[in-house]
Amino acid sequence: MSTLHVLSHSPFGDDRLNSCLRIIGANDALLLCGDAAYALQPGSAPFTALSARGLALYVLAEDAQARAIEVPGWATAVDYPAFVELSIHHAKVNSWL
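Numbering (UniProt numbering), first residue to last: 1 to 97.
Now the structure itself:
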């Protein structure tokens, strides 16, 4: 059973991203939206942690664009219809509130 983990908070304000990375499974995926897109700032600790994991990583394209974040090649930019498809594809959705 796979889970889509959805993060929307900045990785620099709390420990949600690290907590998520500790429990995320091999068949799970992670979607960054809102201020969580800041995790893709090159050279940052969250960027390094995410790039080393090799997990299925998605980011809402409009949130990355609004924050002037370039989506690296190992992540996939998605729009809202693709977000819905990801939600349907996974058995569960876990929003890290």
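The beta-carbon is built from N, C-alpha and C at its ideal position, and this holds for glycine as well. Computed from a predicted structure; not experimentally measured.
Which two residues bound the contiguous alpha helix (DSSP H) that contains residue i?
| i | result |
| --- | --- |
| L97 | From DSSP, L97 is part of no alpha helix (DSSP H); its letter is neither H nor E. |
| V84 | Y80 to H89 |
| A26 | No alpha helix (DSSP H) holds A26; DSSP gives it neither H nor E. |
What did DSSP end up calling residue i once you bin it into helix, strand or coil?
| i | result |
| --- | --- |
| A37 | helix |
| L55 | coil |
What residue from the options has the CA that sits closest to residue i's CA?
| i | options | result |
| --- | --- | --- |
| P42 | I69, C33, A36 and K92 | I69 |
| G34 | D28, E62, L17 and R22 | E62 |
| A64 | L55, T76, V84 and G25 | T76 |
| P55 | A37, L7 and W74 | Looking at the sequence itself, residue 55 is Leu, so the reference to Pro does not match. Looking at the Cα atoms, W74 is the closest of the given residues. |
| R53 | A82, L17 and V78 | L17 |
When you compare the CB positions of residue i and residue j, do they come within less than 7 Å of one another, or not?
| i | j | result |
| --- | --- | --- |
| T3 | D28 | yes |
| L31 | Y58 | yes |
| W96 | L7 | yes |
Have a look at the DSSP bridge pairing and note the partners of residue i.
| i | result |
| --- | --- |
| H5 | L30 and N94 |
| L60 | V78 |
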